[in-house]
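If you count the sequence shown from 1, position 77 lands on 458 in this note's numbering, and the numbers rise without skipping.
Positions of the beta carbon are idealized from the N, C-alpha and C atoms, including for glycine.
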Amino acid sequence: MNQHILIVHAHPEPASLNGALKDAMHAHLLAQGHSVEVSDLYAMGWKAAVDAADFPQRDASARLRVPKDSHAAFAADALTADVRAEQDKLRRADALILQFPLWWYSMPAILKGWFDRVYSYGFGYGVGEHSERHWGDRYGEGALAGKRALVSVTAGGWQPHYSPRGINGPIDDLLFPINHGLLHYPGFDVLPPYVVYRSDRVDAGQFAQARDGLLRRLDGLWSDAPIAYRRQNGGDYAVPSLELKPGREAGGERGFGLHVAPAA
382 MNQHILIVHA HPEPASLNGA LKDAMHAHLL AQGHSVEVSD LYAMGWKAAV
432 DAADFPQRDA SARLRVPKDS HAAFAADALT ADVRAEQDKL RRADALILQF
482 PLWWYSMPAI LKGWFDRVYS YGFGYGVGEH SERHWGDRYG EGALAGKRAL
532 VSVTAGGWQP HYSPRGINGP IDDLLFPINH GLLHYPGFDV LPPYVVYRSD
582 RVDAGQFAQA RDGLLRRLDG LWSDAPIAYR RQNGGDYAVP SLELKPGREA
632 GGERGFGLHV APAA
């Protein structure tokens, strides 16, 4: 089954580990018969900051209100050409792969800026009925529902540093705002992340191991089970408070773990 994949890559050095993993993914997916687009944000000179220039038809004398101006521009097909091009890539894609280094516990600013600008009101958020019964199409629903997403990330620390007792915090918690907040929110089915640790000390043998592990994950892009995030409108949350209903937690979880459904 041939699919179309969008890789969004965020590293300033083409010869970096991230760049090599991006290139390996691209070649592997093409060899499997899939079609692939790559948004290499640094190579594109991607503008990261949202500002008034993102909405060229707005009234320049009025106060900038990003959600309102974003909504008006999206509805009028008047977003800037670079943003519209990335939205079209997402519409075409059956799967999205993010390749980036973990910088200060999150993604590079240029990649966050990609989401800030591409996820316009009416595309990434503000979708569906908003009422006392249904608080929008999000968290498992939305414009990107039915597509899959995978985060491939490199981290400088050791794997134990990102363990449940590790000083940096569990890697799944660090990536929760990305996997749940940026990907599951507009509808993606999100696969468990692929993480390469001690990324600044990878020799040729370790690179081959990391690359081969990532390529195996690509082979399961449509067969591996996604993270079992609860769907907002699936009955687990009270509307409009959007709090998990009593008794839905298993084993007394707290925090981010509450939003992953227990295994059947």
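CB-CB length for residue i against residue j, believed under 8 Å
i: R582; j: L402; result: Their Cβ separation, rounded to whole angstroms, is 16 Å, which puts R582 and L402 out of contact at 8 Å.
i: L477; j: A530; result: 5 Å
i: S533; j: Y486; result: With a Cβ gap of about 17 Å, S533 and Y486 do not count as contacting.
CB of residue i within 8 Å of CB of residue j, strictly
i: Y566; j: R519; result: yes
i: N379; j: F481; result: This structure gives no information on residue 379, because the portion of the chain shown stretches from 382 to 645.
i: H452; j: G503; result: yes
i: L460; j: S501; result: yes
i: I608; j: P573; result: yes
i: L422; j: H390; result: yes
i: P541; j: G550; result: no
i: P473; j: H409; result: What sits at residue 473 in the sequence shown is Arg, not Pro. No; because the gap between Cβ atoms is not below 8 Å, this pair is not in contact.
i: G537; j: S580; result: yes
i: V571; j: Y610; result: yes
i: W427; j: G494; result: yes
i: G521; j: R597; result: no
i: T535; j: L483; result: yes
Same chain, Cβ closer than 7 Å to residue i, five either side skipped, listed in chain order
i: K626; result: D617, Y618, A619
i: V447; result: V431
i: A490; result: A429
i: L599; result: M406, H409, L410
i: E394; result: G400
i: L525; result: L471, P567, G568, F569
i: D605; result: L572
Own chain residues within Cβ distance below 8 Å of residue i, not counting five before or after
i: E513; result: V620, P621
i: H407; result: I388, V417, V419
i: V464; result: D435, R498, V499, S501
i: F588; result: L398, A401
i: I559; result: L479, S487, M488, V532
i: H515; result: G509, N614, V620
i: A441; result: A433
Sequence-distant residues of its chain with Cβ nearer than 6 Å to residue i (five each side left out)
i: E467; result: V499
i: G523; result: V508, P567, G568
i: G505; result: P567
i: F557; result: F637
i: A454; result: F436, L460
i: L639; result: L625, E630
i: L563; result: F496
i: N373; result: Absent from the structure is residue 373, since the part of the chain shown begins at 382 and ends at 645.
i: A433; result: L445
i: D450; result: F436, R439
Residue i CB to nearest heavy atom of the ligand ZN below 7 Å
i: A606; result: With respect to small molecules bound, the structure shown includes none, and the ligand ZN cannot be examined in it.
Per DSSP, the bridge partner or partners of residue i
i: R529; result: A476, D570
i: V389; result: S420, L479
i: H511; result: W516
i: V534; result: F481, V576
i: S487; result: W484
i: Y502; result: Y506
Exercise. Which whole runs of the beta strand (DSSP E) in the segment 409-441 are 3 residues long or more, in chain order?
Worked result: The qualifying runs are 416-421.
For this session: Could you pull out every unbroken beta strand (DSSP E) segment of at least 3 residues lying fully inside the segment 564-642, listed in chain order?
Result: Correct list: 575-577.
Exercise. Which ranges would you report for the alpha helix (DSSP H) in the segment 440-470 if only whole runs of at least 4 residues count?
Worked result: Runs of the alpha helix (DSSP H) inside the segment 440-470: 447-456.
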